[in-house]
Amino acid sequence: MFNTKRSMTEIFYVLAFAAGMLGLVGWCINIAKITQTGFALADWGGLEVARVIGVFFAPLGALLGWF
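The working numbering numbers the first residue of the sequence shown as 19 and each following residue consecutively.
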């Protein structure tokens, strides 16, 4: 009747692609937030330091970009 194995695989690929795109957008937002903060390092707190780490550790940067 229906090829459910193929349908589930396609759904998985679509969801994985969507998660990847959301992660990429979040990572870019994270970089934008770092540049908008300014570079007075003495005024930075833990969140800004975590954002800089998130530039090099992309999963962290992707999450921090959305928050």
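Just so it is clear, CB atoms sit at the ideal spot from N, CA and C, and this is done for glycine as well.
Being a predicted model, the structure only gives us computed values, none of them experimental.
Counted within 10 angstroms of its Cβ, other Cβ atoms place residue i as buried (16 or more) or exposed
| i | result |
| --- | --- |
| ALA87 | Not covered by the structure: residue 87. The range shown for the chain is 19 to 85. |
| GLY72 | buried |
Segment limits, alpha helix (DSSP H) that includes residue i
| i | result |
| --- | --- |
| LEU82 | 76–83 |
From the options, residue whose alpha carbon lies closest to that of residue i
| i | options | result |
| --- | --- | --- |
| GLY64 | LEU82, ALA50 and PHE74 | LEU82 |
| PHE74 | LEU40, ILE49, TYR31 and ALA34 | ILE49 |
> Counting pairs of beta carbons, one from the region 31–47 and one from the region 55–71, are three or more of them closer than 8 Å?
Replying inline: no
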